[in-house]
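Report on one structure; see the data block that follows.
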Amino acid sequence: MARYTGPTTRISRRFGTYILGSAKVLERRNFPPGQHGPKSRRKLSEYAIGLNEKQKLRFIYGLLERQFRRTFAIAKRERGVTGERFLQLLETRLDSVVYLMGFAKSRAQARQLVNHGHVKVNAHKVDIASYSVVAGDTVEIKANNNSRQIATRALEENRARVVPGWITRNDEALSGVITRLPARDEMDPSINEQLIVEYYSRF
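Mind the numbering: the sequence shown is residues 588 to 790 in this note's numbering, read in order.
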């Protein structure tokens, strides 16, 4: 699957929050990239604000535009609040769930774990990062040394990260159960999903 391979710290600087690269870069250079970054005070249009919010969320989950837009289209067809359902679909992707369980240091590493066949869902190997988990699913790391070493190392480094309330993790088994869909207050509070809904409604 295609993925973003450009400069990572520029993405975080562009949106003023840690997304990719090193988090320390914002401490040293907390202004947008480019020669006009430190002194740029240009007022953004409503369209630009919506575009920025959409791009920020897209980079957080590491998706290209086509897959991102397709996920939004699914959310729009389903019942419920479109923006919230859209975030739920992104959050319940298999690579995102593996990351939230703490078995990977980043969503990019979680995607690699899934793509390389290190993850099982309900005892069956699933190597599709966009696979959508549902309530009752059990996600686990394969029982071989290589898979478990990667997940255990990440778990030790991620001890400070809190597992969301909609996931129950078993540290010894390197597994977790999806107990329910995430509520809005359990997902990224920095995202204004309504701006993204309004952005896509223009097309």
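C-beta: ideal position from N, C-alpha, C; glycine also.
Point to revise | Straight-line Cα distance separating serine 777 from threonine 725 | key: Taking C-alpha positions only, threonine 725 is separated from serine 777 by approximately 29 Å.
Review point. For glutamate 671, which option in Asn779, Arg789 and Leu681 has the closest C-alpha, if you only look at C-alpha atoms?
Key: That would be Asn779, whose Cα lies nearest to the Cα of glutamate 671.
Review point. Where aspartate 714 and arginine 664 are concerned, what is the direct C-alpha to C-alpha distance, given to the nearest angstrom?
Key: The straight-line gap separating the alpha-carbon atoms of aspartate 714 and arginine 664 is approximately 26 Å.
Check your understanding: So what's valine 708 in DSSP terms, helix, strand or just coil?
Key -> In this structure, valine 708 counts as strand in the three-state DSSP scheme.
Check your understanding: Residue ranges of each beta strand (DSSP E) run of no fewer than 3 residues wholly in the stretch 646-690, ordered along the chain?
Key -> Taking only runs of at least 3 residues, no beta strand (DSSP E) segment lies wholly in the stretch 646-690.
**Study point:** CA-to-CA distance, aspartate 772 to arginine 653, given in whole angstroms
**Key:** Near 27 Å, if we compare the C-alpha coordinates of aspartate 772 and arginine 653.
Point to revise | Closest Cα partner of glutamine 781 within the set Lys707, Gly637, Ala710 and Leu677 | key: Taking only the C-alpha atoms, the option nearest glutamine 781 is Gly637.
**Study point:** Through-space distance from leucine 651 to valine 721, alpha-carbon basis
**Key:** Spanning the two alpha carbons is a distance of roughly 23 Å.
Review point. In chain order, what residues of the same chain have a beta carbon less than 6 Å from the beta carbon of methionine 774, not counting five sequence neighbours either side?
Key: Beyond the five residues adjoining it in sequence on each side, methionine 774 comes within less than 6 Å, by CB distance, of Leu674 and Glu678 in the same chain, given in chain order.
Check your understanding: Relative to the alpha-carbon of leucine 742, which residue among Arg756, Ile765 and Gly704 has its alpha-carbon at the smallest distance?
Key -> Checking every option, the nearest Cα to that of leucine 742 belongs to Arg756.
Point to revise | methionine 688 to serine 762 span [Cα, whole Å] | key: If I take the Cα positions, the gap works out to 8 Å.
Exercise for review: Return the bridge partner residues of asparagine 757 from the DSSP annotation.
Suggested key: The partner list for asparagine 757 (beta bridge, DSSP) reads Ser762.
Practice item. State buried or exposed for threonine 758, treating a residue as buried only when at least 16 other CB atoms are found within 10 Å of its CB. Key: Position check: residue 758 holds aspartate in this sequence, whereas threonine was assumed. Result: exposed.
Check your understanding: If you draw a straight line from the alpha carbon of alanine 660 to that of serine 788, how long is it in whole angstroms?
Key -> Straight-line spacing of the CA atoms in alanine 660 and serine 788 works out to 11 Å.
Practice item. Go through its chain and collect everything with a Cβ distance to asparagine 702's Cβ below 7 Å, but skip five positions before and after it. Key: Excluding residues up to 5 positions away in sequence, Asp714 and Ala716 lie with their Cβ nearer than 7 Å to the Cβ of asparagine 702 in the same chain.
Check your understanding: Just how far apart, CA to CA, sit proline 769 and leucine 631?
Key -> Whole-angstrom Cα-Cα distance: 32 Å.
Check your understanding: Hey, quick one: how far does the beta strand (DSSP E) through threonine 750 stretch, first residue to last?
Key -> The question names threonine, yet the displayed sequence has valine at residue 750. It is not in any beta strand (DSSP E) - valine 750 carries neither H nor E in the DSSP assignment.
**Study point:** Residues that threonine 725 bridges to, as DSSP identifies them
**Key:** Here threonine 725 is bridged, per DSSP, to Val764.
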